[in-house]
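Chemist:
2 protein chains.
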Amino acid sequence: MSKNVTIIGAGLVGSLLSILLSKRGYKVNIYERRSDMRKENMSAGKSINLALSDRGWRGLQKAGIAEDIKKIAIPMYGRHIHHKDGSTVFQPYGREDQAIYSVSRGDINKKLMDLAEHQNKVNIHFNMRCLHVDRPNMKSSFENSENGKIVHDETDLLFAADGAFSAGRLAMQLQNDRFEYNQHYIDCGYKELIIPPGEGGSFKLEKNALHIWPRGSFMMIALPNPDGNFTCTLFLPFEGEKSFLNLQTKEQVSAFFASEFPDAVPLMPTLLEDFFKNPTSSLVTVKCFPWTFDNKLALIGDAAHAIVPFYGQGMNCGFEDCVVLDELIEKHKENWTGIFPEYQTLRKPDGDAIADLAIANFVEMRDKTADPKFILQKKIEARFSAKYPDKWIPLYTMVTYSPHIRYSTALKEGARQQEIMDKIMDLPGIENKWDSEEIESKILTML
Amino acid sequence: MSKNVTIIGAGLVGSLLSILLSKRGYKVNIYERRSDMRKENMSAGKSINLALSDRGWRGLQKAGIAEDIKKIAIPMYGRHIHHKDGSTVFQPYGREDQAIYSVSRGDINKKLMDLAEHQNKVNIHFNMRCLHVDRPNMKSSFENSENGKIVHDETDLLFAADGAFSAGRLAMQLQNDRFEYNQHYIDCGYKELIIPPGEGGSFKLEKNALHIWPRGSFMMIALPNPDGNFTCTLFLPFEGEKSFLNLQTKEQVSAFFASEFPDAVPLMPTLLEDFFKNPTSSLVTVKCFPWTFDNKLALIGDAAHAIVPFYGQGMNCGFEDCVVLDELIEKHKENWTGIFPEYQTLRKPDGDAIADLAIANFVEMRDKTADPKFILQKKIEARFSAKYPDKWIPLYTMVTYSPHIRYSTALKEGARQQEIMDKIMDLPGIENKWDSEEIESKILTML
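Taken in order, these protein sequences are the chains called A and Z.
For the first sequence, this note's numbering gives the first residue as 11, with consecutive numbering after it.
For the second sequence, this note's numbering gives the first residue as 11, with consecutive numbering after it.
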């Protein structure tokens, strides 16, 4: 039986995967391109906080660190919308007890690495850039970026968990006929900015919410951090009238923020400095197939299905990959000839679905959250769902709080719900009778 | 002014491009991965003959070898359909004088290489595998497969003309943020077979036609070669009831051909030998963007837009790339800052269009050519077009015989025509009144 596993990438998914595999007796070697973030005063890559929701919690529970993480996670119970005129409104994400959690990517990753190394059977090798994977012989080579030395690895099973631009995937792709591959960039980029804490670490905006400044074709969002900071992210087209291309000078940036985000500007004392210091990054969706090769190698996490961040599901989906895989190891009693085919058959439609849902949610966040008609629709759905919880689970709830519902099912069910709601919202005078029995029974007949 | 050009790939497109550029005074180095096919008893890669049509002829005319090639090209005036019961029917491709030409890929490529090397300013380096392109510094490196030596190249302009699996494209892609990339395989593969000549080099099938055995989900085709051979290609699903997967034994292959292509079997004495000797190859479509980088590097031909072969436009489209580029060099007076942006803006929609048309034509060839309703539609269109040549050019004629009409225009116009024809074909009793004035005026009002 194969008991040696190589994982490329010690990110969130690679680290969690190593823990689950080592608990089943596998000896794991992880090769990570970057240096050990635990030893550095690090900025943790581009996106410093993430929204953890139920699918992600399942992964952390399996690893046994859910409680640890919960202590440093900030629940966000809904969207706090900031209109251009300075007015704000709160839109709950679900029921009162339902929240997504703002967590530090670095904190989770470090804890997962610590735990992985405590397994005894896991070794993480840092500063190791993947050069090549020799598929038939299960040999891979890595270059140590500190001393230039080439390290050779030979293994029984190999996972590429090295993100959207996976070197492992590329190596397998080039050795595989009929590899379906699609990478697509949306025309918006993003830039991280900051709202520092107030005196004594106080939060300058409502702490327990995800803040959105929806402006139609673009938006800014802000997520709380434990020290009182908010990490702001501006999502903006690269080109066009309102775009990064037209924000080249301090004057342009100041004027743009003053006009678009007037309530945020006073809270962002380092805005200009941050804007020109921080990179403008792009947003990619990667879809590919197969995810497994020769029943010995597999893609997992972003390497298999990189998605845009607008549903807050990137990490959650990657952790769910690990959970599903772990369940399949159990089900197939470590027979990888059974595990791998089922893993990719099961997860591919879900990866595709969350990719599409994430793209769609960008439109919802930047545009629809400011639309009274959309807000009314959400109220009608929430009311109906509260009364008939077996008949109607809102799409956001299915994706975020319902790990037992597959992403692909949520996508299909969400489309069916939207068809019904389109008809409901078209009814004359819906604004006045949205909470009437008439509407309720209309929905019931359409279901 | 930049006068040094590097081209990766000495295939059909790379060779033609080198000739056009050298005629404008550029010094060209071509690096070709394979050995010099002129020195070998070669099988010329996978597909040994091609259908040359008007867009391709324009390229050969520009290079000045159209007349040479015409002497060894076999005109095909239509499709010769072979039904399962052994009956056959001829479907003309256009007017009586309109033909596509069966040519040998090897012959054209060799003549283009000869001509390129006669330019004095063109050097072709064989056995050179592209390892890396350093975009910012316009340096590339190649490994000589004969002696293992690494060759370094530095240039002013670089073209990747190295086909569907372009190493040049991969190198640029990995250095480019926001590179749109999609590769898609259809679920059919192909295998080449042969119908040898009869006594004294006679043709065993009608010489001046493209032969098709349409069988719904699959088909065989045959193109004539000057020596009396026909190159047959079987296009068949990889998996499923009738598939390559189910043709594993000699018995299976014999039974399949006897049942599906009874009239061809007696003409194929080496069928079984060829079937198990020749590879089963896959069919990829590649779409990507941008096609140019830094106004110094560009993709051209299959490297920019690999398409499936069913419209016979792969080479023709690649040659048209060269013609368009040559015209833009003229128009912009060698200002590459003007040439490259217009090249990709102009050609990308046409590359996408012919890719989609080629996929659609597979369905037409394998399925519709056997459908009486489809044949009737083509007759109605031909009749109408003959009477109103300014109002209706059939789609096949636009793509194949009308280089002044862009592929993207043909695609749009073809869709509009299909909408009209769908309504015409739905008319009760269309079989009996297809050539009536009623039908003619109905089409006229819908146009």
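Backbone N, C-alpha and C fix where the C-beta goes; we use that ideal spot for every residue, glycine too.
For the stretch 292–309 of chain A against the stretch 193–206 of chain A, do three or more pairs of beta-carbon atoms, one drawn from each stretch, fall closer than 8 Å, so that the two count as touching?
Modeler: They touch, by the three-pair rule.
Chemist: Just by C-beta distance, which residues in the stretch 188–202 of chain Z are closer than 8 Å to chain A?
Modeler: Here the close residues are R188, F189, E190, Y191, N192, Q193, H194, Y195.
Chemist: Looking at A365(Z): is its Cβ nearer than 7 Å to the Cβ of I403(Z)?
Modeler: Here residue 365(Z) refers to the residue found at position 355 of the second sequence. Here residue 403(Z) refers to the residue found at position 393 of the second sequence. Not in contact: A365(Z) and I403(Z) (Cβ atoms no closer than 7 Å).
Chemist: Indicate the three-state DSSP secondary structure (helix, strand or coil) for N256(Z) in the structure shown.
Modeler: Translated into the one-based positions of the second sequence, residue 256(Z) becomes position 246. In this structure, N256(Z) counts as helix in the three-state DSSP scheme.
Chemist: In its own chain, which residues sit with a C-beta less than 7 Å from the C-beta of E127(A), not counting the 5 before and 5 after it?
Modeler: Within the first sequence, residue 127(A) is the residue found at index 117, counting from 1. I134.
Chemist: Sort out for me which residues DSSP pairs D163(Z) with in a bridge.
Modeler: The residue given as residue 163(Z) occupies position 153 in the second sequence. S150(Z), per the DSSP bridge assignment.
Chemist: Since S291(A) contacts G199(A) with CB under 8 Å, what's their CB separation in whole angstroms?
Modeler: Sequence index remark: in the first sequence, residue 291(A) carries index 281 (1-based). Sequence index remark: in the first sequence, residue 199(A) carries index 189 (1-based). The pair is a contact, with the Cβ atoms about 6 Å apart (cut-off 8 Å).
Chemist: Is it buried or exposed for I29(A), if we count other Cβ within 10 angstroms and need 16 for buried?
Modeler: For the purposes of this step, residue 29(A) is identified with residue 19 of the first sequence, where counting begins at 1. The residue in question, I29(A), is buried, as its Cβ has 16 or more Cβ neighbours within 10 Å.
Chemist: For the beta strand (DSSP E) holding I453(Z), just list the boundary residues, first then last.
Modeler: Within the second sequence, the letter at position 443 stands for residue 453(Z). That residue, I453(Z), is in no beta strand (DSSP E); its alpha helix (DSSP H) goes 447–456.
Chemist: Nearest-angstrom Cα distance between D46(A) and K260(Z)?
Modeler: Walking along the first sequence from the start, residue 46(A) turns up at place 36. Walking along the second sequence from the start, residue 260(Z) turns up at place 250. One C-alpha to the other measures close to 58 Å.
Chemist: Please name the residue in F248(A), A181(A), P236(A), M278(A) whose C-alpha comes closest to that of R139(A).
Modeler: Counting from 1 along the first sequence, the entry for residue 139(A) is found at position 129. Among F248(A), A181(A), P236(A), M278(A), the Cα nearest to that of R139(A) belongs to A181(A).
Chemist: Below 7 Å CB to CB, which residues in the same chain sit around D445(A) once its five sequence neighbours on both sides are set aside?
Modeler: Along the first sequence, one-based indexing puts residue 445(A) at 435. Excluding residues within five positions, the ones whose Cβ falls inside 7 Å are R393.
Chemist: Under 9 Å between beta-carbons, which chain Z residues line up against S292(A)? List them in chain order, please.
Modeler: Position 282 of the first sequence, counting from 1, holds the residue named residue 292(A). Simply D187, R188.
Chemist: Measuring alpha carbon to alpha carbon, tell me which of F213(A), L246(A), M229(A), E249(A) ends up nearest G238(A).
Modeler: On the first sequence, residue 238(A) is found 228 positions in, with the first residue counted as 1. Comparing Cα positions, the closest option is F213(A).
Chemist: What number of angstroms, rounded off, separates the C-alpha of L356(A) from the C-alpha of I449(Z)?
Modeler: Looking up residue 356(A) in the first sequence gives position 346. Looking up residue 449(Z) in the second sequence gives position 439. Those two C-alpha atoms are separated by around 52 Å.
Chemist: Enumerate, from N- to C-terminal direction, the unbroken beta strand (DSSP E) stretches of 3 or more residues contained entirely within the stretch 14–78 of chain A.
Modeler: You should have 14–18, 37–41, 59–62.
Chemist: Sorted by chain position, which residues of the same chain lie with C-beta nearer than 7 Å to K443(A)'s C-beta, five sequence neighbours on each side aside?
Modeler: On the first sequence, position 433 is the one that residue 443(A) refers to. For K443(A), where only same-chain residues beyond five positions count, the Cβ hits under 7 Å are I449.
Chemist: Alpha carbons only, please: which of Y41(A), E209(A), A177(A), Q185(A) is nearest the one belonging to F175(Z)?
Modeler: Within the second sequence, the letter at position 165 stands for residue 175(Z). Answer by Cα proximity: Q185(A).
Chemist: Is any heavy atom in the ligand NAP found nearer than 6 Å to the beta carbon of G348(A)?
Modeler: No copy of the ligand NAP occurs in the structure displayed, which carries no ligand at all.
Chemist: For P300(A), tell me which candidate among P359(A), S150(A), K159(A) has the shortest Cα-Cα distance.
Modeler: Against the first sequence, residue 300(A) aligns to sequence position 290. Closest by alpha carbon: P359(A).
Chemist: Measure the CB-CB distance between T379(A) and S63(A) and report whether it falls below 7 Å.
Modeler: By 1-based counting over the first sequence, the position of residue 379(A) is 369. By 1-based counting over the first sequence, the position of residue 63(A) is 53. Going by C-beta atoms, T379(A) is not nearer than 7 Å to S63(A).
Chemist: Mind reading off the beta-carbon distance from T16(A) to L125(A)? Whole number of angstroms is fine, and I expect it under 8 Å.
Modeler: Residue numbering aside, residue 16(A) sits at position 6 when the first sequence is read from its first letter. Residue numbering aside, residue 125(A) sits at position 115 when the first sequence is read from its first letter. Not confirmed; about 19 Å, so no contact.
Chemist: Can you give me the C-alpha to C-alpha distance between K33(Z) and I40(Z), rounded to a whole angstrom?
Modeler: Along the second sequence, read from residue 1 onward, the residue named residue 33(Z) stands at position 23. Along the second sequence, read from residue 1 onward, the residue named residue 40(Z) stands at position 30. Rounded to whole angstroms, K33(Z) to I40(Z) spans 15 Å at the Cα level.
Chemist: Would you call the stretch 84–101 of chain Z and the stretch 248–267 of chain Z in contact, with 3 or more CB pairs under 8 Å?
Modeler: These segments do not touch.
Chemist: Can V23(Z) and I310(Z) be called in contact, C-beta distance under 7 Å?
Modeler: Against the second sequence, residue 23(Z) aligns to sequence position 13. Against the second sequence, residue 310(Z) aligns to sequence position 300. Yes, they are a contact pair.
Chemist: Among the residues of its own chain, which have a CB less than 6 Å from the CB of Y111(Z), if the five just before and after it don't count?
Modeler: Sequence index remark: in the second sequence, residue 111(Z) carries index 101 (1-based). Cβ within range, chain order: L62, A83, P85.
Chemist: Using 10 angstroms around the beta-carbon of F466(A), count the other beta-carbons present and answer buried if the total reaches 16, otherwise exposed.
Modeler: Lying before the first or after the last residue shown, residue 466(A) is absent from chain A, which here runs from 11 to 457.
Chemist: Give me the Cβ distance between F136(Z) and R376(Z), rounded to the nearest whole Å; I'm assuming they're in contact under 8 Å.
Modeler: Taking the first residue of the second sequence as 1, we reach residue 136(Z) at position 126. Taking the first residue of the second sequence as 1, we reach residue 376(Z) at position 366. Not confirmed; about 38 Å, so no contact.
Chemist: Given that a residue counts as buried once 16 or more other Cβ atoms are within 10 Å of its Cβ, and exposed if not, what is F329(A)?
Modeler: Numbered from 1 along the first sequence, position 319 holds the residue referred to as residue 329(A). So F329(A) counts as buried.
Chemist: Suppose contacts are defined by Cβ-Cβ distances below 7 Å. Is C332(A) in contact with L26(A) by that definition?
Modeler: Along the first sequence, read from residue 1 onward, the residue named residue 332(A) stands at position 322. Along the first sequence, read from residue 1 onward, the residue named residue 26(A) stands at position 16. Going by C-beta atoms, C332(A) is nearer than 7 Å to L26(A).
Chemist: When DSSP labels each residue in this structure, what does R89(Z) get in the three-state scheme?
Modeler: Along the second sequence, read from residue 1 onward, the residue named residue 89(Z) stands at position 79. The answer is strand: DSSP assigns R89(Z) an E or B state.
Chemist: Please state if the CB of R179(A) and the CB of A313(A) are separated by a distance shorter than 7 Å.
Modeler: Within the first sequence, numbered from 1, the residue matching residue 313(A) stands at position 303. Within the first sequence, numbered from 1, the residue matching residue 179(A) stands at position 169. Result yes, Cβ atoms of A313(A) and R179(A) sit closer than 7 Å.
Chemist: Just confirm the distance between the C-beta atoms of W223(Z) and A274(Z), as a whole number of angstroms; I'd bet it's less than 8 Å.
Modeler: Position 213 of the second sequence, counted from the start, is the residue given in the question as residue 223(Z). Position 264 of the second sequence, counted from the start, is the residue given in the question as residue 274(Z). 7 Å between Cβ atoms; contact.
Chemist: Less than 7 Å between the C-beta atoms of L203(A) and L220(A), yes or no?
Modeler: Within the first sequence, the letter at position 193 stands for residue 203(A). Within the first sequence, the letter at position 210 stands for residue 220(A). No; because the gap between Cβ atoms is not below 7 Å, this pair is not in contact.
Chemist: What's the C-alpha gap between V113(Z) and L437(Z)?
Modeler: Looking up residue 113(Z) in the second sequence gives position 103. Looking up residue 437(Z) in the second sequence gives position 427. About 42 Å.
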